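A.B. asks:
There are 6 protein chains.
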Amino acid sequence: MKISVINPNTTETMTKQIGITAQRSASPDTELLIRQSTHGPSAIEGPYDGAMCLPGLLQSLQNAENEGAMAHIIACFDDTGLDAARSLSRKPVIGVGEAALHFTSLLAQEFCIVTTLARSVPTLKMNVLRYGFERRCPQILASNIPVLELHAPETNARAKIADIIRMAINNGAEAAILGCAGMADFAPSLREELGIPVIDGVDAAVRMAEMLASSQLSPSKIRGWAYPQRA
Amino acid sequence: MKISVINPNTTETMTKQIGITAQRSASPDTELLIRQSTHGPSAIEGPYDGAMCLPGLLQSLQNAENEGAMAHIIACFDDTGLDAARSLSRKPVIGVGEAALHFTSLLAQEFCIVTTLARSVPTLKMNVLRYGFERRCPQILASNIPVLELHAPETNARAKIADIIRMAINNGAEAAILGCAGMADFAPSLREELGIPVIDGVDAAVRMAEMLASSQLSPSKIRGWAYPQRA
Amino acid sequence: MKISVINPNTTETMTKQIGITAQRSASPDTELLIRQSTHGPSAIEGPYDGAMCLPGLLQSLQNAENEGAMAHIIACFDDTGLDAARSLSRKPVIGVGEAALHFTSLLAQEFCIVTTLARSVPTLKMNVLRYGFERRCPQILASNIPVLELHAPETNARAKIADIIRMAINNGAEAAILGCAGMADFAPSLREELGIPVIDGVDAAVRMAEMLASSQLSPSKIRGWAYPQRA
Amino acid sequence: MKISVINPNTTETMTKQIGITAQRSASPDTELLIRQSTHGPSAIEGPYDGAMCLPGLLQSLQNAENEGAMAHIIACFDDTGLDAARSLSRKPVIGVGEAALHFTSLLAQEFCIVTTLARSVPTLKMNVLRYGFERRCPQILASNIPVLELHAPETNARAKIADIIRMAINNGAEAAILGCAGMADFAPSLREELGIPVIDGVDAAVRMAEMLASSQLSPSKIRGWAYPQRA
Amino acid sequence: MKISVINPNTTETMTKQIGITAQRSASPDTELLIRQSTHGPSAIEGPYDGAMCLPGLLQSLQNAENEGAMAHIIACFDDTGLDAARSLSRKPVIGVGEAALHFTSLLAQEFCIVTTLARSVPTLKMNVLRYGFERRCPQILASNIPVLELHAPETNARAKIADIIRMAINNGAEAAILGCAGMADFAPSLREELGIPVIDGVDAAVRMAEMLASSQLSPSKIRGWAYPQRA
Amino acid sequence: MKISVINPNTTETMTKQIGITAQRSASPDTELLIRQSTHGPSAIEGPYDGAMCLPGLLQSLQNAENEGAMAHIIACFDDTGLDAARSLSRKPVIGVGEAALHFTSLLAQEFCIVTTLARSVPTLKMNVLRYGFERRCPQILASNIPVLELHAPETNARAKIADIIRMAINNGAEAAILGCAGMADFAPSLREELGIPVIDGVDAAVRMAEMLASSQLSPSKIRGWAYPQRA
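Chains as they are written, first to last, in my numbering: chain A, 1385 to 1615; chain B, 1385 to 1615; chain C, 1385 to 1615; chain D, 1385 to 1615; chain E, 1385 to 1615; chain F, 1385 to 1615.
(1) Between P1537(F) and I1529(F), what straight-line distance do the alpha-carbon atoms span, to the nearest angstrom?
(2) Return the chain-ordered ranges of every beta strand (DSSP E) run that is complete within the stretch 1513-1585 of chain B and spans a minimum of 3 residues.
(3) State the DSSP-derived secondary structure class of L1601(F), mapped to helix, strand or coil.
(4) Going by DSSP in three states, N1393(C) sits in which element: helix, strand or coil?
(5) Please list, in chain order, all residues of the same chain as I1524(B) whose beta carbon is under 6 angstroms from its beta carbon, the five residues on each side excluded.
(6) Can you tell which of K1475(E), A1560(E), S1388(E) has the C-alpha that lies nearest to the C-alpha of A1448(E)?
(7) Assign Q1600(E) to buried or exposed, taking buried as 16 or more other Cβ atoms, counted over all protein chains shown, within 10 Å of its Cβ.
(8) Mind checking if M1595(F) is an interface residue toward chain E, Cβ cutoff 8 angstroms exclusive?
(9) Could you check what DSSP says for I1606(B) in three-state terms: helix, strand or coil?
(10) Taking the C-alpha atoms as reference points, what is the distance between Y1611(E) and S1471(E)?
(11) Do the stretch 1595-1609 of chain D and the stretch 1555-1573 of chain E touch if we need at least three Cβ pairs shorter than 8 angstroms?
(12) Below 8 angstroms, can you find three or more Cβ-Cβ pairs linking the stretch 1584-1596 of chain F to the stretch 1475-1490 of chain F?
(13) If the cut is a Cβ gap below 9 angstroms, which residues of chain E does Q1523(C) touch?
(14) Answer yes or no: does any C-beta atom of chain C fall closer than 8 angstroms to that of P1530(E)?
(15) With a CB to CB cut of under 6 angstroms and the five nearest residues on each side skipped, what residues in its chain are close to A1455(A)?
(16) By the three-class DSSP mapping on this structure, what secondary structure does Q1613(A) have?
(17) Residues of chain A with CB under 8 angstroms from V1505(C), in chain order?
(18) Determine, using beta carbons only, whether R1550(B) comes closer than 8 angstroms to chain A.
(19) For a quick check, are the C-beta atoms of G1440(C) and T1394(C) less than 8 angstroms apart?
(20) Which chain D residues sit within Cβ distance under 9 angstroms of E1518(F)?
(21) Cβ of A1427(A) less than 8 angstroms from any chain B Cβ?
(22) Starting from Q1446(B), trace the alpha helix (DSSP H) both ways and give me its first and last residue.
(23) Does Q1613(B) get closer than 8 angstroms to chain F when you measure Cβ to Cβ?
(24) Would I1580(E) count as contacting chain F if we go by Cβ distances under 8 angstroms?
(25) If we define contact as Cβ-Cβ less than 8 angstroms, is Y1432(B) a contact residue for chain C?
(26) Taking a contact to mean a Cβ-Cβ separation below 8 angstroms, would you say I1545(A) touches M1567(A) in this structure?
(27) Do D1467(A) and G1434(A) have their beta-carbon atoms positioned less than 8 angstroms apart in this structure?
(28) Select from A1557(A), I1606(A), A1565(A), P1412(A) the residue whose C-alpha is nearest the C-alpha of A1483(A).
(29) Starting from G1424(B), follow the beta strand (DSSP E) in both directions and report where the run begins and ends.
(30) May I ask you to list the residues that DSSP assigns as paired with V1477(B)?
(31) Can you say whether Q1420(D) is buried or exposed, counting buried as having 16 or more other CB atoms within 10 angstroms of its CB?
(32) Please list the partners that I1478(A) has in chain B, where partner means a Cβ-to-Cβ separation under 8 angstroms.
(33) For a contact meaning CB atoms closer than 7 angstroms, what does R1607(B) contact in chain C?
(34) When you compare the CB of L1472(C) with every CB in chain D, is at least one pair closer than 8 angstroms?
(35) Straight-line CA distance for E1451(E) to I1390(E)?
(36) Looking at the secondary structure, which residues open and close the alpha helix (DSSP H) in which I1469(B) lies?
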């Protein structure tokens, strides 16, 4: 079963990194189509990048669908272009942020998201509201560590993220979502250290996409996600 | 991988029927433990039955956990006892109603539930609110056909349910959830007739439980679902 | 007029203590039937205990109804089994937590709950949402003092609770609810010290139950609280 | 125990009628102070009247407090001036609409209000939101019968109101609130005919005011309802 | 084009000060009718004052309408009497608080209000909810500086307000509303110091009232704001 | 003062029509820059078109900003690209749908939107939620008349829209928003026929943009709308 994982930016090292993470979560009988936007910005930081990447993202998704993908993953925690992709595709599409929220809500009553920069928080807050998790996920916290510095020793990112989650636990969180693919490596040790579920969105999305694809159920094509008239 | 499917009532024919439905959705490498409450009411119709079934349901779940179940399904659309079960178990637990809501929210922006009797609606409405789907699933509709009459030719249940869903589509639904395991057989033909996703909760729950179990992530045991002190 | 006060656990000293508190609030012409669950756990700490106590609680309530109770109080701040009890009974049933919330909302615009352990917070948060008080009662705070240690001198519980309420006042609370029957004794001195209404749930519930019983209005028996078919 | 019932308009026949209704609900040891605004409009129909009545209403409430009232009822379903009155008084104050909402929420999970004119609906909707009952009381329905015609035989008001409540039951209501003191006489026969709780606000308010007064708890005087600096 | 600016209190120095602020924001072709309540309290601090000012406020508004005002501004951040005024007038009416909220929501995704005293917060919170800004404006913060001391050097009000806004920025605010006309002078320097939009309600209200008046659209006079029957 | 009006599609006749409507609402001293996306789809019907138009829309907005536009209008009722545009620009940006919602909320307590096709409803519903108008604007109704047929005599569009609004009035609406620029011509006669405010989004947006531009207040550039790092 083919499932596409589409990095909406055009930076190949990130695409590869996402691919490695995704592969770890995939079932043996899943063939991942690791792709990136055909053209567009080299990173998605804020709504302007999120808009500019869309034509390349949608083109890449269409290509993957033509190759036989049975489900698609938008591998950006902002879930950029989710409705457009769902309108374009006849297969299930899931965003990494959305997947993490649904997945975590089955493992904890209340949880938090730790993201990189404060500028990402409003978009995530809006997504959380839109999906219906505003009471389940009331804390969306910025670590203020840019994605590219997450693994620089001097930022001490893992420890800083652990401290943020500890604070969130004090305020009611029972689990934590890592709101950036670059943080995925920290998940296992954070789980151990903090004693709570720590969820990586790419992992959740691969599992959810496999589940959706194997169900052979098609998304609704009436109203909001009807096929475009000019695709 | 063992997954338990626990019918909270004690009617063996229903347990068997649920087992047949569940088996259809399970992966080849899943071993379903089809169980029912060790004791308690013969059907769950309303909150009194929902309360009285709990000790038998929790005993049955504990037994299944001892047998090696890696995840548990509470096979009642009311999701009765979900928090108690999550507190008791070290493995993921999912309710059939909850599973259907999460699953459908990935296939449609807005959807409805069709249930049997009007007396079930308030409990489902509260669950929908609690999980966060009150804007995604604003229509919870009773067919007024009791579960035991769903397959009696004279109730014409399938056609009546199709009419209710059609009305829901006019009011904004893009997909429908069948809020009773006894309706599962109608799903394929309703999908074809209505051209929208029609979701059966047992199917959704089996797929979600497999996904959760294979992830090897444990539910949070701090705060709300901490282990009982006297189990 | 007979009103039952049902302690859902089976610890007689607690039942007696609740009875003393309740008696203080009752009108002279009220006869309180102080009862406990006929069988079940010795304390209600979390949703597993909350589930296991239900058959004994409902049996006890049925017995009290047979003795002529005109209203029932579920004397646990979690309001466990409220819907099941309302389905079973033809008389008004009120939970101690619910009573405190309604009562306090007539005495202050915004208020807090102080409970014992953090594990109780999620259940209370869900109840607050369900009843509609999520904006009126946004702060649900754990003292982290177990119920049995509330009166041990070394925990300094009264002073600790006063500090928590002071903090809540700074964050907008105008009144406080004591979310545990064991804290009832602290209410008068906390009122004096803090200068705000401090509400004990048993007191509120006794007054509300008397009010409901004297009105001779019966609860709705259609839909959500219809009589069980197998009681 | 003295409790004031203040009709915010200045029409004596209405004040008397409210007094008769209130007296029916009062305990033998309650002395009702039946009052009306010292000056102001002769009826409260819409927010302009609701504003113009306030000085006379507050003067009358102050007078009643000076006479020894231990609680006050604002006998208008709009609950006009509730916050101002609560700021002025050191005793509990309750509005007739607010009382009905709290009372009914203990007797049914979901309920409706039937009011007189469509122009009243927005104010009631705002009150319902403010108190937190927007999910419990989603249906606020106008009968389009003016208050003065409620008892004219040709309007057939009782039957019309029964029809409206029947429709509300079909849409999920389990109980009904009569949103106008002039409808109080219809309550007993509507209860019998429809088989659900039908609540009159004056009745609910008298019982709630007695309950609050007998508790000897004072309302919060910090923040929102602090004493005026210039009363 | 004439626009009335009505100070609901009767303190002439405040009326003049509001007039100076309003004049700064008005277009050259706008003639401002700077008015105050014809009678009533000398300041609006809390709901009692807010109620007592209404007859004088509404009289003053009626007078301004007779003089040819094409729109009206209620120059109190509490928006006291807004519905009554809208019912009375055939022209658009806008409150200073409401204007600030709408205006700011076009300049920032999330923002805060800084007000004077804690006693004002509950009324503002209710207004914010009522207009629909509860998610956009979650922080309503009291400086605890009374209006008359805002310009006393020893209160150091401007610096204190800057500190409060800085804290709000850390908690997610992207802009700030000054919730008191007396703070208007601080706006320009706060903007510069903090680098975010800082909105004064009188400024926003004058611009919005000009916009509404020039559109020549009349407010709805059906249902909630229908003309009073006894004005 | 220059204000840009950007049609996000690339159909020149629509751009001209929008320009004519906008010009009617503009002040004499406003110079409208009527623009369309530099490239992209010929119409915006659903989220795929809404995504594909963004690079051309943002390029066009940047061009207008370089020409000296002091504010920008996105002339599509879906408000597509609003956050991206606000991130890119240093000037206020307003969407036609958003403008209509704010404007109408000052003229009526509750109102409806009439749009063209059912497929547009989910996007509008999400925008309404996001801005905070979900309680003010609960009815979003499709006329099922495609934009290009709005003026074909045989669709009888004006009469059909009048009927839809009448139904909405019965359900609580006090004003109506025309959710498609092509309906703007119907506004004056609908106002007269129905006796309520009928709002055209382009008209509202031009007036709001003038107001924002003349205030010389800049949008917040911290967090959500911070400048892109790669524009």
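In this text, a Cβ means the ideal position worked out from N, Cα and C, and glycines have one as well. All of these numbers come straight from a predicted model, not from anything done at the bench.
C.D. replies: According to the structure shown:
(1) Between P1537(F) and I1529(F), the alpha-carbon positions lie close to 12 angstroms from each other.
(2) Runs of the beta strand (DSSP E) lying entirely within the stretch 1513-1585 of chain B, each at least 3 residues long, are 1523-1526, 1559-1562, 1582-1584 in chain order.
(3) In this structure, L1601(F) counts as coil in the three-state DSSP scheme.
(4) Looking at N1393(C) - three-state DSSP - the assignment turns out to be coil, as it is neither helix nor strand.
(5) Exclusion of the five residues before and after I1524(B) leaves I1497, V1505, L1508, K1509 as the residues of its chain whose Cβ lies within less than 6 angstroms of its Cβ.
(6) Nearest option by C-alpha distance: S1388(E).
(7) Under this definition Q1600(E) is an exposed residue.
(8) It does: the Cβ of M1595(F) has a partner Cβ on chain E nearer than 8 angstroms.
(9) Three-state DSSP puts I1606(B) in coil, outside helix and strand.
(10) Near 5 angstroms, if we compare the C-alpha coordinates of S1471(E) and Y1611(E).
(11) With contact defined as three or more Cβ pairs closer than 8 angstroms, the stretch 1595-1609 of chain D and the stretch 1555-1573 of chain E are not in contact.
(12) Segments in contact, yes.
(13) Ordered by position in chain E, no residue passes the 9 angstroms Cβ test against Q1523(C), which lies about 14 angstroms from the chain.
(14) P1530(E) does not count as touching chain C.
(15) Within the same chain, Cβ atoms closer than 6 angstroms to the Cβ of A1455(A) are found at I1387, K1475, P1476, A1593, L1596, A1597, the five residues on either side in sequence being excluded.
(16) Looking at Q1613(A) - three-state DSSP - the assignment turns out to be coil, as it is neither helix nor strand.
(17) Result: G1556.
(18) Judged by the 8 angstroms Cβ criterion, R1550(B) is not in contact with chain A.
(19) The answer is yes: Cβ separation under 8 angstroms.
(20) Chain D residues near E1518(F): none, gap ~11 angstroms exceeds 9 angstroms.
(21) False, the Cβ-Cβ gap to chain B never drops below 8 angstroms.
(22) Membership of Q1446(B) in the alpha helix (DSSP H) is indicated by the continuous run 1438-1450.
(23) Judged by the 8 angstroms Cβ criterion, Q1613(B) is not in contact with chain F.
(24) Yes, I1580(E) lies at the interface with chain F (some Cβ there is under 8 angstroms from its Cβ).
(25) Interface flag for Y1432(B) against chain C is set, since a Cβ pair is found closer than 8 angstroms.
(26) Against a cut-off of 8 angstroms, the Cβ pair of M1567(A) and I1545(A) comes out as a contact.
(27) The beta carbons of G1434(A) and D1467(A) sit no closer together than 8 angstroms.
(28) It is A1565(A).
(29) Per DSSP, G1424(B) belongs to no beta strand (DSSP E) and is neither H nor E.
(30) DSSP, once it has assigned bridges, lists H1456(B) as partnering V1477(B).
(31) Buried: at least 16 other Cβ atoms inside 10 Å.
(32) What I1478(A) touches in chain B: L1490.
(33) Per Cβ cutoff of 7 angstroms: A1502, R1503, V1505, P1506.
(34) Not closer than 8 angstroms to any Cβ of chain D, the Cβ of L1472(C) fails to qualify, so no.
(35) Near 13 angstroms, if we compare the C-alpha coordinates of I1390(E) and E1451(E).
(36) The question names Ile, but residue 1469(B) in the sequence shown is Ala. Where A1469(B) is concerned, the enclosing alpha helix (DSSP H) starts and stops at 1466-1472.
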